[in-house]
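Residue numbers (our numbering): 51 to 135. Where a beta carbon is used, it is the ideal one built from N, C-alpha and C, also for glycine. The next block holds one structure in the form of structure tokens; read it before the comments.
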């Protein structure tokens with residue numbers, strides 16, 4: 051990992067964003083986008099690109115659990131991932 055990003059910090063940030071996404075009642079896709087941008091950006095800055103697939107899957111499962119449809123989830127995650135590259 052790059053300087054300043056401990057495993058505990060990364061794990062805590064992922065959990066916080068997933069919890070936020072899981073609790074949102076309105077603008078769920080907007081929150082998915084915000085969470086994805088945040089977490090993909092964190093993985094990039096922390097130098098842990100191997101976590102991208104894990105983060106993507108956790109975001110996808112959380113989004114499915116709150117009622118978003120797979121097609122919109124996949125589009126949002128792809129857009130957020132590409133924005134952080």
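- Here the alpha carbons of residue 105 and residue 126 stand approximately 14 Å from one another.
- Counting C-beta atoms within 10 angstroms of its own C-beta, residue 114 has fewer than 16 neighbours from the protein chains shown and is therefore classed as exposed.
- With respect to the 9 Å criterion, residue 129 and residue 89 are not classified as neighbours on the basis of their beta carbons.
- In the DSSP assignment, residue 55 falls outside any alpha helix (DSSP H), carrying neither H nor E.
- Per DSSP, reduced to three states, the secondary structure at residue 110 is helical.
- With a beta-carbon spacing of about 7 Å, residue 71 and residue 116 fall inside the 8 Å limit used to define contacts.
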